[in-house]
Amino acid sequence: MRRDPKASAVPPVVPYARGTSGPVRVLHLETRRGMLAAASTVVTVDGAAYPLPWGRSAFELPADRPVALQVSQAWRNGTVGVASIVLPPGPDLALEYRGPSHLAMAGELGLPGTVRSRGTALQATLLGCVGLLLLGLLALVLLVVLTAS
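To convert, note that position 34 of the sequence shown is 18 in the working numbering; the numbers rise steadily by one, no gaps.
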């Protein structure tokens, strides 16, 4: 199995948009798709929005004050899968964002390995109902065809 050389590449650090004269830290963010793979991610750091592809990214942040972080998905003319957090002052950190499985659900942002895709059960239930409806329609068509002949 061949490894993707981009998978282990360290992404360039996005500089903090508002500038800072104090100490800085780096946020390493991994964004993972839910079922809305066509949607792109938008990372907002203290009000500055960065549309980014799925995968790894890194952001320079002030280390001496709290920073507001929001990750969402651009979907048609709006946003879905919003997850936000206020990061306390401190050292470098790593977070993971996981997109939702259903449009009505929020995304999840947390420590790597701790987040899940919300709405998977809802999506499976809806798809199961559609499948049962299609089976019922097929049975009805077969019944009509068999009784007509």
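Quick reminder that beta carbons are idealized off the backbone N, C-alpha and C, glycines included.
Just so we're clear, the structure is a prediction, and the values are computed from it rather than from any experiment.
- Pull up the distance between the alpha-carbon of residue 111 and that of residue 120, whole angstroms please. Distance between the alpha carbons of residue 111 and residue 120: 14 Å.
- Message: If you follow the beta strand (DSSP E) that residue 87 is in, where does it begin and where does it stop?
- Response: In this chain, residue 87 is not harboured by any beta strand (DSSP E), its DSSP state being neither H nor E.
- Message: So the candidates are 17, 13 and 84; which of them puts its Cα closest to the Cα of residue 28?
- Response: The option with the nearest alpha carbon to residue 28 is 13.
- Message: Within 10 Å of its beta-carbon, does residue 132 have 16 or more other beta-carbons around it, so buried, or fewer, so exposed?
- Response: exposed
- Query: Once you ignore the five residues that flank residue 99 on each side, which residues in its own chain have a CB closer than 6 Å to its CB?
  - Reply: 80, 82 and 92
- Item | residue 114 - DSSP class collapsed to helix/strand/coil | helix
- Buried versus exposed, by CB contacts within 10 Å (16 or more), residue 109: That one is exposed.
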